[in-house]
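Here the structure is laid out as structure tokens; the discussion comes afterwards.
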Amino acid sequence: MSNDLKPHMAIVKDITIENSNTKTYVLEFADKQQHKNFTWDPGQFMMLSLFGVGEAALSISNIPEDGLISTTIRAVGNVTKKIKELKKGDTLGMRGPYGTGWPIKEAKGKNILLIAGGMGLAPLRGVINHIAIKRNNFGHLEIIYGARTPNDMIFTNQFRDWYQIEKSRLDLTVDGIPPGTPWEGKIGLVTSCFPAMKTRPQNSVALVCGPEVMMRFVAKCLETIGFKENQIFLSLERRMKCGIGKCGHCQLGPKYVCKDGPVFPYRDIKPYINPL
Amino acid sequence: MKKKPTIGIFKFTGCAGCQLELLHLEDVFINLLDIVDITYWVMVKRENTEGPWDISLVEGGISTPEEIEEIKEIRKKSKILVAFGDCAVNGCIPSIRNWIPQMEAEQCVYSDTSSIHSTKILGIGEYVKVDMVLKGCPPHRENIIEVIKSSLLNIRPRLRQHPVCMECKLKDNACLIISKNLPCMGPVTSAGCGAICPSLNRICEGCYGPMSNPNTSALADVFRKMGYSEEDIKRKFRKYAGMTPEFRKEAGD
Amino acid sequence: MGNEKAFTIEKNDFGRLLEHLLKKYRVFGPTQRGLDATFNEIKTNDQLFLDYVSTVLPPKKFFHPPRLELFSFDLHQKHVKIEEIKQDEKTLLLGIHPCDVHALLRLDDFFLGEFQDPYYQNRRKNTVLVALNCIEPSDYAFCNSMGTGPFLEEGYDLLLTDIGTKYLIEIGSDTGQNILKGIQLENATTADFTEKNHRFKLLEKRFKRFINTSWLSKIAQENIDHEVWERLGEQGGVSGSLPCLSCGQCSLVCPTCYCYDVYDTLDLSLKKGKRIRELDSCQLLEYGEVAQGGNFRPNRKDRIRHWMLCKLGVAAGGQQSSCVGCGRCIRTCPVGIDITEVAKVLRGE
């Protein structure tokens, strides 16, 4: 029988530097045949292995239409710090995709509001790419993106393309600006972008990803302006050891983040999003 | 051939047992020397070089003004400084004397105390930045190897801070507290030893110091229920890691 | 009653059955160690301790080992060579109690449902279960309340019941049937089954602990802010217990706790290594850690509540990780925390 815990070898095909501590990696299974049958939904994640160091769950940051799989990684732990040292042509272990993606099918015909904080834009980029190529399938697209400083933002070289997407709006904000850093956007938390927000609750869905405190806050604010619990989707982050609902680490009340999530309707996790 | 990373091994106030544990690596020691170069180890080598070192393993606590200067020198010459064993971590058994007035302690040992000027015994972390901590009296060989390997790979070592009970249960041992009514320190003590003592029906003495987030007051209550006196309980918590904030509460002032 | 499928063997003749089993299998069974029993390899009849009450670790250790090597890897080449570490030995588990069989049935649902675990499956497939109905309930057990004991009705290949001077042997599967080929055994009589039923009735009355399970999961779920959690985690305790030590023993001895940690080890060449999985416990601070120093169960209260809720069937494992009433956690808790007492408090009793 197949062994879900056994990774497959993959090759780093390309690396883009996003900021001082974050890079985007384009990966391909070493076994070409395997890659042919490989597909995913934006919002799903992969388990990446550096043998001898360990394994980590990392979200996919593009769509199957892009060809190879991309993942955007900030070097914070043992595995991700070692991944940062990889060069083009290096290898690593990969298995997946796991978890639920963003509800793109359900969102068809609706206005899309994306709210991201920091690294939270990574799992949402696939949604933006998808909407860009299937523009007529969706209503208005609004992206609100906040980060600690302009230097902490990711995908900055793609903002120009996103501004070009028809019927869309991109709003950027940062918590603060280090001296000497040019910045033309807002200053403040993502919620400070709410007054200027175009998206109205009717016929809309909100997809949110960022630090858990931020998501809790954003979800509350969205509720106050009329979004229903089932119109808001959050992508959660937990440490995972298996990715397939066995190791127990990512339990959130009666849910496994790895298998029932990471994308959840706010309705399903509202009581548990306060630490439990 | 690429130059091998260098290791320096040093001793301050302690019993040299941790260094001995390194020597006990016998069966893998040769393999270890394939990947590192021990350039300073006074206990074992005749010729030693004065650094710098990629990894410094420092045994023993700091107990004199001279030692304070020496540890600062070692720090300057070391990329990764490891507190090697409980004495270097928090003073360990020698630190029991911190509860006795200085003069009294000195007079117990020396007939002429005029040339003795000791300080409170503290872990090296009190004076210099420590990069990794090897708990234990002495640390388990597997932990020593883990620290050396992860230093070479530049990753965080897997030294879990969970209680001895975890390792004890994984060995299928019955709990000594409930089956034999013995005052085992396992439930508050950091694992890493492989639960050696409880596996031989001896209580855990607490030599790895506190685990993460220990409930020391509840364990002290367990001992009280068994009939141990306040003095007994203080001594138990003072023995190996009385200077740590976690055990200090039960070790008394 | 299927008398035609049942046999008996005199207790003092049991060695003959064991020898028969040893011809085909490595046999593991309860052995005495001090006051307690543990499951170990059995080579001779005198090692076997079938009158045991409970073991320290449940037989879970044979199917979901405390420390398991998943695969080895070799980093000498860029294309890392990964080799699964398999265990295909035929084994037989002798003398496993009803609660532990029920726990295995739950682990089966868990490990063999969505995303099958090949390591568990292999061990399960290659292991024959010869269960043993309980002779005496442990002081801590409440399997009777949980519907998992003291006698077994499903999940066994062979089932033994102590009926005085002999064991009644019932067959639960084709494997069980085949095992008994080639050994001469007495056919069971109606009187043997009458004795079995009689013993069951007597046994039921000897339980010292009970749990009222009606609506219990629901009650637990709705009481996540109950003051009992604070008392368990920080001060006061429950019904004479002290607050939790977070020592993790309860989850390690629990036959349905399956949580594990995964890590890599390298040998001193730094080129060859293994990926290991090791039992973990939600009672440990490290269990709830996330990136950059975050932790979503930083307090003892959060952790003991999580475990209790899990055992009452309201965590992510649902029924698959819930309590079977073996009583091991109560027996091993150094501060005397008792899940049946906690349940009473939650019910407001």
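For the record, the sequence lines run as chains A, B and C.
For the first sequence, counting from 1, position 227 maps to 227 in this note's numbering; every step adds exactly one.
Just add 1000 to wherever you are in the second sequence, counting from 1, and you've got this note's numbering.
Just add 2000 to wherever you are in the third sequence, counting from 1, and you've got this note's numbering.
Virtual Cβ for every residue (Gly too), placed ideally from N, Cα, C.
Neighbourhood of residue i by C-beta, 7 Å cutoff - its chain only, sequence neighbours within 5 removed
i                       : result
residue 118 of chain A  : 147, 148, 152, 210 and 211
residue 2244 of chain C : 2232, 2233, 2300, 2304, 2335 and 2337
residue 2217 of chain C : 2312, 2313 and 2314
residue 1214 of chain B : 1188 and 1246
residue 2137 of chain C : 2150, 2203, 2206 and 2207
residue 218 of chain A  : 115, 190, 191 and 208
Residue i burial status per 10 Å Cβ neighbour count (16 or more: buried)
i                       : result
residue 130 of chain A  : buried
residue 2207 of chain C : buried
residue 1043 of chain B : exposed
residue 1226 of chain B : exposed
residue 1029 of chain B : exposed
residue 2150 of chain C : buried
residue 2215 of chain C : exposed
residue 246 of chain A  : buried
residue 179 of chain A  : exposed
residue 2190 of chain C : exposed
residue 1023 of chain B : exposed
residue 2269 of chain C : exposed
residue 1115 of chain B : exposed
residue 18 of chain A   : buried
residue 1110 of chain B : exposed
residue 267 of chain A  : exposed
residue 213 of chain A  : exposed
residue 181 of chain A  : exposed
Spatial neighbours of residue i in its chain, beta-carbon cut-off 8 Å, leaving aside the 5 residues before and after
i                       : result
residue 2301 of chain C : 2229, 2230, 2232, 2233 and 2234
residue 82 of chain A   : 50 and 53
Contacting residues, own chain, Cβ-Cβ under 6 Å from residue i (five flanking each side not counted)
i                       : result
residue 2036 of chain C : 2056
residue 2274 of chain C : 2069, 2072 and 2265
residue 198 of chain A  : 142 and 169
residue 137 of chain A  : 108
residue 1212 of chain B : 1161
residue 2124 of chain C : 2063
Selected residue, minimal CA-CA separation from residue i, among the options
i                       : options                           : result
residue 1198 of chain B : B:1114, B:1179 and B:1104         : B:1179
residue 2239 of chain C : C:2072, C:2162, C:2097 and C:2337 : C:2337
residue 2271 of chain C : C:2072, C:2015 and C:2038         : C:2072
residue 201 of chain A  : A:85, A:22 and A:142              : A:142
residue 1138 of chain B : B:1146, B:1129, B:1193 and B:1158 : B:1193
residue 2041 of chain C : C:2054, C:2018 and C:2034         : C:2018
residue 1097 of chain B : B:1076, B:1129 and B:1063         : B:1063
residue 1102 of chain B : B:1093, B:1110, B:1092 and B:1120 : B:1120
residue 165 of chain A  : A:112, A:35, A:207 and A:194      : A:112
residue 1013 of chain B : B:1061, B:1170, B:1033 and B:1057 : B:1061
residue 2227 of chain C : C:2085, C:2090 and C:2342         : C:2342
residue 1052 of chain B : B:1206, B:1009 and B:1113         : B:1009
residue 2132 of chain C : C:2110, C:2112 and C:2196         : C:2196
residue 2096 of chain C : C:2164, C:2043, C:2287 and C:2027 : C:2027
residue 277 of chain A  : A:9, A:262, A:271 and A:270       : The structure shown does not extend to residue 277 of chain A, since chain A is modelled only from 1 to 276, so the question has no answer here.
residue 2360 of chain C : C:2029, C:2060 and C:2252         : Shown here, chain C extends from 2001 to 2349; a query on residue 2360 of chain C therefore has no answer.
residue 1163 of chain B : B:1219, B:1021, B:1141 and B:1153 : B:1219
residue 1020 of chain B : B:1223, B:1186, B:1144 and B:1131 : B:1144
residue 1076 of chain B : B:1130, B:1039 and B:1118         : B:1130
residue 98 of chain A   : A:89, A:46 and A:14               : A:46
Closer than 6 Å: residue i CB and nearest the ligand ADP heavy atom
i                       : result
residue 2245 of chain C : The model on display carries no ligand, and the ligand ADP is accordingly not part of it.
Next on the checklist: Closer than 9 Å between beta carbons: that is the criterion. Which residues of the region 1189-1215 of chain B meet it against chain C?
Outcome noted: Residues of the region 1189-1215 of chain B with a C-beta less than 9 Å from any C-beta of chain C: 1201, 1211, 1212, 1213, 1214 and 1215, listed in chain order.
Next on the checklist: Extract the residue ranges of the beta strand (DSSP E) inside the region 2268-2338 of chain C, only unbroken runs of 3 or more that lie entirely within it.
Outcome noted: List check, beta strand (DSSP E) in window: 2272-2279.
Next on the checklist: List, from N- to C-terminal side, the alpha helix (DSSP H) runs of 4 residues or more that fit wholly inside the region 2058-2086 of chain C.
Outcome noted: Scanning the region 2058-2086 of chain C for uninterrupted alpha helix (DSSP H) segments of 4 residues or longer gives 2060-2063, listed from N- to C-terminal end.
Checklist entry - Closer than 8 Å, Cβ to any Cβ of chain A: which residues of the region 2241-2263 of chain C, in chain order? => result Cβ contacts with chain A come from 2258, 2259, 2260, 2261, 2262 and 2263.
Checklist entry - Residues in the region 26-39 of chain A with C-beta within 9 Å of chain C's C-beta atoms, listed in sequence order? => result Residues 30.
Item to check | Residues, ordered as in the chain, of the region 2040-2069 of chain C that lie near chain B by beta-carbon distance below 9 Å | outcome: If the cut-off is 9 Å between Cβ atoms, the region 2040-2069 of chain C has 2040, 2055, 2056, 2057, 2061, 2066 and 2067 near chain B.
Item to check | Where the region 1152-1175 of chain B meets chain A: residues whose CB sits under 9 Å from a CB there | outcome: The region 1152-1175 of chain B vs chain A, Cβ under 9 Å: 1153, 1154, 1155, 1156 and 1158.
Next on the checklist: Quick check on the DSSP output: what are the complete beta strand (DSSP E) runs of length 3 or more inside the region 190-253 of chain A, in order along the chain?
Outcome noted: Listed in chain order, they are 204-209 and 232-235.
Next on the checklist: In chain order, what are the residue ranges of uninterrupted beta strand (DSSP E) at least 3 long that sit wholly in the region 2135-2192 of chain C?
Outcome noted: With a minimum length of 3 residues, the continuous beta strand (DSSP E) runs that stay inside the region 2135-2192 of chain C are 2158-2162 and 2166-2171.
Checklist entry - At what residue ranges does the region 1018-1089 of chain B contain a whole run of the alpha helix (DSSP H), taking only runs of 4 or more? => result Complete alpha helix (DSSP H) runs here, min 4: 1026-1035 and 1065-1076.
Checklist entry - Mind pulling the alpha helix (DSSP H) runs of 4 or more residues that sit fully within the region 1104-1171 of chain B? => result 1141-1153 and 1164-1170, all fully within the region 1104-1171 of chain B.
Next on the checklist: Beta carbons nearer than 8 Å to chain C: which residues of the region 218-248 of chain A have them?
Outcome noted: Listed in sequence order: 237, 238, 239, 241, 242, 244, 245, 246, 247 and 248.
Checklist entry - Can you list, in chain order, the residues of the region 62-89 of chain A whose Cβ is nearer than 7 Å to any Cβ on chain B? => result Answer set for the region 62-89 of chain A: 78 and 82.
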